[in-house]
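Asks: Heads up: the protein sequence lines correspond to chains A and B, in order. First residue of the first sequence? That's 85 in my numbering, and the numbers climb one at a time after it. First residue of the second sequence? That's 173 in my numbering, and the numbers climb one at a time after it. Where a beta carbon is used, it is the ideal one built from N, C-alpha and C, also for glycine. Please read these numbers as outputs of a predicted model, since none were measured by experiment.
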Amino acid sequence: MINRRNFLGLGLGALAVVAIPGKLSAIDFRETMPKAWTVTKVDDAVKEIFGSTATTEGSINLSAPDIAENGAVIPVSFDTELKATKVAVFQDANPESAVAVFTIPENAVIDYAIRIKLAKTGTVTVIAEADGKLYSVSKLVKVTIGGCGG
Amino acid sequence: MSDTTKIKAKLKNGIVEVKALASHPMLSYQEAERAKKEANFITYVVAKVGGKVVYEASTSQFLSKDPYMKFSFKGGAVGDDVEITWKDLKGATDTSTAKIK
Numbered sequence: 085m086i087n088r089r090n091f092l093g094l095g096l097g098a099l100a101v102v103a104i105p106g107k108l109s110a111i112d113f114r115e116t117m118p119k120a121w122t123v124t125k126v127d128d129a130v131k132e133i134f135g136s137t138a139t140t141e142g143s144i145n146l147s148a149p150d151i152a153e154n155g156a157v158i159p160v161s162f163d164t165e166l167k168a169t170k171v172a173v174f175q176d177a178n179p180e181s182a183v184a185v186f187t188i189p190e191n192a193v194i195d196y197a198i199r200i201k202l203a204k205t206g207t208v209t210v211i212a213e214a215d216g217k218l219y220s221v222s223k224l225v226k227v228t229i230g231g232c233g234g
Numbered sequence: 173m174s175d176t177t178k179i180k181a182k183l184k185n186g187i188v189e190v191k192a193l194a195s196h197p198m199l200s201y202q203e204a205e206r207a208k209k210e211a212n213f214i215t216y217v218v219a220k221v222g223g224k225v226v227y228e229a230s231t232s233q234f235l236s237k238d239p240y241m242k243f244s245f246k247g248g249a250v251g252d253d254v255e256i257t258w259k260d261l262k263g264a265t266d267t268s269t270a271k272i273k
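#1: Look up Ala192/B in the DSSP assignment and say whether it is helix, strand or coil.
#2: Please check the pair Ala117/B and Leu199/B, which I expect to be a contact at CB under 8 Å, by giving their CB distance rounded to whole angstroms.
#3: Which chain B residues are close to Glu132/A, counting only those with a beta carbon under 9 Å from its beta carbon?
#4: Helix, strand or coil for Thr122/A per DSSP?
#5: Run down chain B in chain order and give the residues with a C-beta less than 8 Å from the C-beta of Ala156/A.
#6: So is Leu224/A buried or exposed if we call it buried at 16+ other beta carbons inside 10 Å?
#7: In the DSSP assignment, the beta strand (DSSP E) including Asn209/A goes from what residue to what residue?
#8: Does Gly106/A have its Cβ less than 8 Å from a Cβ in chain B?
#9: Apart from the five residues on each side of it in sequence, which residues of its chain come closer than 8 Å, Cβ to Cβ, to Ala297/B?
#10: What residues in its chain sit with their C-beta under 6 Å from that of Pro189/A, if we drop five residues either side in the sequence?
#11: What did DSSP end up calling Ile133/A once you bin it into helix, strand or coil?
#12: Taking 6 Å as the limit between beta carbons, can you name the residues of its chain near Thr137/A, skipping five residues before and five after?
This is the structure:
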């Protein structure tokens, strides 16, 4: 049951696969984007990593505690149905903004969790790039004891 | 160093869920200054199954000590090896493997 539309779709899919190989190889953003890790404003870090700060709210589920007693270990998890190619986590409580940048392999299911440090109360932001657009979600986490030795 | 990362990989409904706990102090610049040590933290993590990348992250000093990572992917089978490699600021690396259950 291959009709014309599906058939064309398959062709496009095959083309996309051919075009991607360069992206499938490992990317260490520490090496390719050294500046992204030293900037101190979330917007600047977003710009370094994604090339733009124009984001649309939503399409990502972010889960983090409302109040964290211990800023040294804050569970942060996120999932999305977006066919994202790149996802990054930022916060505005520590000296620098970037926490992690994930390159999403084609067979990945974006349901990720990490644990992060926050020096004080701050906003955790997750941004995903899918189909050339940026999607974002943020959450305020209140920290009662700082995580960076504070 | 090798095999210091604890890995649990489980196949369920066609999706492999991996939970990994790396062993690393993750000293940020601030913490290192207070502790009179050099800052050092994991900067890059990659997980592979059968040579194919299934998870890839560039990370900063703001991951907690002994970083925990959970991720999922499709296409893994029971018995496949999940291989997780990290690299830190000083260039040390660790590769650990576990079988998908």
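Replies: In short, the structure shows the following:
#1: strand
#2: No answer is possible for residue 117/B: it lies beyond the span of chain B, which begins at 173 and ends at 273.
#3: Simply none; closest approach about 12 Å.
#4: coil
#5: Ser236 and Lys237
#6: In this structure Leu224/A is exposed. Its beta-carbon is surrounded by fewer than 16 other beta-carbon atoms within 10 angstroms.
#7: Per the sequence presented here, residue 209/A reads as Thr, with Asn not at that position. From DSSP, the beta strand (DSSP E) with Thr209/A extends over Gly206 to Ala214.
#8: Here the model assigns Gly106/A a pLDDT of 38, short of 50, so the residue's position is not dependable, and the following value carries that caveat. No - not a single Cβ of chain B is within 8 Å of the one on Gly106/A.
#9: With chain B covering 173 to 273 only, the question about residue 297/B has no answer from this structure.
#10: none
#11: helix
#12: Asp127, Val130 and Lys131
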